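Worksheet: one structure, shown below.
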Amino acid sequence: MPSDEDPLGLVQENSFFPRKIAILYSDDRREYFRTEEEYLTEAGSREYAEHVAVYVRKLGIESEVFVGNETLAEKLAKYEPSMAFNLVDTVRGEPALAPAVPGLLELLHIPYTGTGIFGLSLSANKYVMYQLMRTNGIPVPSHQLFTTASDMIDPALRYPLFPKLNSEHSSVGVAENNVCENERELRAKMKEMFEMYRQPILVDEFISGKELTISILDGVNKKVYAVERYSGDDSEHNIVTFDKKWVNFLDMSYSKFEDDDLRDYTKEAFDVLKMSDYARFDVRMDGAGRYYFIDPNPNPYFGPPKETHASYTIVLDMYGVEFKEVLKRMIQNTARDAKITSSLWG
-11 MPSDEDPLGL VQENSFFPRK IAILYSDDRR EYFRTEEEYL TEAGSREYAE HVAVYVRKLG
49 IESEVFVGNE TLAEKLAKYE PSMAFNLVDT VRGEPALAPA VPGLLELLHI PYTGTGIFGL
109 SLSANKYVMY QLMRTNGIPV PSHQLFTTAS DMIDPALRYP LFPKLNSEHS SVGVAENNVC
169 ENERELRAKM KEMFEMYRQP ILVDEFISGK ELTISILDGV NKKVYAVERY SGDDSEHNIV
229 TFDKKWVNFL DMSYSKFEDD DLRDYTKEAF DVLKMSDYAR FDVRMDGAGR YYFIDPNPNP
289 YFGPPKETHA SYTIVLDMYG VEFKEVLKRM IQNTARDAKI TSSLWG
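Residue numbers for the sequence shown follow this note's numbering, beginning at -11 and rising by one.
What follows is the structure, encoded as structure tokens:
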């Protein structure tokens, strides 16, 4: 339990660790999700949370997992954790409701890992994130937001064009035929996506070239780890479709990619989009070496790389950053920030 001398319940020995951590995960009941794709991105969320809890316990910290639904407040009040790992991506199947979880943790005065209410709200609207990045000098593709498949197409956009869901991440709705070479293909693909997912569609100019994915780990200093990502086949466009990411993920391969400009852009995007602790960015690089940020992901799929095949930690592991070290840094970062602000809680 917290005390006057130790308001966060921290173990003050050789490290800045809490005594008790709650691991929060998404409620993955099938009936919450409109499509099988959306469901598959969350299926098994308790199992993945348990993998994280195992590593937390290896650090000598008590840990339990809790589902992120209407029972969460009562269970956390009873458990009294010093900190929470927020791994909740959806509430009742909706990514737009995910900010409710950090909101609850704020009300309960429980420090938590990951991005807060504002940053998670931004992440549910890719179009808004694009505008924020572009305004701050971070390159994004030329794009247009569509609310129906019959909206007028900006004549300045150049084919091929690439439609994607405005509120979804995790490659949901992405297939090889998302690369549209003409208006007929674009409107047919958008009609299919609108009927299936019932949300606005962001259309990018497709950037032909390399696909990069970047893991960033926050702390006293932000560390950026970038790799080139290969989709595991000889397809013309080298895009990461839903099937490649969630079904045939073992065919994915990576190689390190380091560039100071890319590192600076990533750090700036992390701050502009109000992210915290960790994030992942997908970037396309064209034949002239120009970067285009296409998918910022706060609180990306997270877990030990061997057990969960989470691309975020796979990238860090390639750079020699073991999962237990990632946990330590995130725990200490969250604890430090909470201690600094705890005087404001009264």
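Every residue, glycine too, gets a C-beta built ideally from N, C-alpha and C. Just so it is clear, the structure is predicted and the values come from calculations on it, not from any experiment.
About 5 Å separates the beta carbons of residue 190 and residue 114, which is inside the 8 Å limit, making them a contact pair.
Around residue 179, the same chain offers 137 as residues with beta carbons nearer than 6 Å, after the five sequence neighbours per side are excluded. For residue 268, DSSP records a beta bridge to 203 and 285. Two segments are said to touch when three or more pairs of C-beta atoms, one from each, lie closer than 8 Å; by this definition the region 31 to 49 does not touch the region 203 to 212. By the criterion of a C-beta distance shorter than 8 Å, residue 170 is surrounded in its chain by 147, once the five residues flanking it on both sides are discounted. In the three-state reduction of the DSSP assignment, residue 214 falls in the strand class, which pools E and B. One thing to note: residue 125 has its Cβ no nearer than 9 Å to the Cβ of residue 105.
In this structure the region 280 to 292 lies against the region 260 to 268, because at least three pairs of beta carbons, one per stretch, are closer than 8 Å. Spanning the alpha carbons of residue 57 and residue 291 requires a straight line of approximately 21 Å. Inter-segment contact for the region 51 to 69 and the region 9 to 23 is present: three or more beta-carbon pairs are separated by less than 8 Å. Closest by C-alpha distance to residue 196, out of 239, 235, 150 and 117, is 150.
Beta-bridge annotation (DSSP): residue 77 is not paired with any residue. The shortest C-alpha to C-alpha distance from residue 78 to any of 128, 38, 40 and 18 is the one to 18.
In its chain, beyond the 5 residues on either side, 200, 202, 245, 246 and 250 have a beta carbon closer than 7 Å to the beta carbon of residue 214.
Note that the C-beta distance between residue 230 and residue 159 is below 9 Å. Within 10 angstroms of the beta-carbon of residue 140 lie fewer than 16 other beta-carbons, which makes it exposed.
Annotation for residue 304: no beta strand (DSSP E) segment contains it, though the alpha helix (DSSP H) segment containing it runs 299 to 306. For the pair residue 83 and residue 253, the CB atoms are not nearer than the 9 Å cut-off.
DSSP, reduced to helix, strand and coil, places residue 109 within a helical segment of the structure shown.
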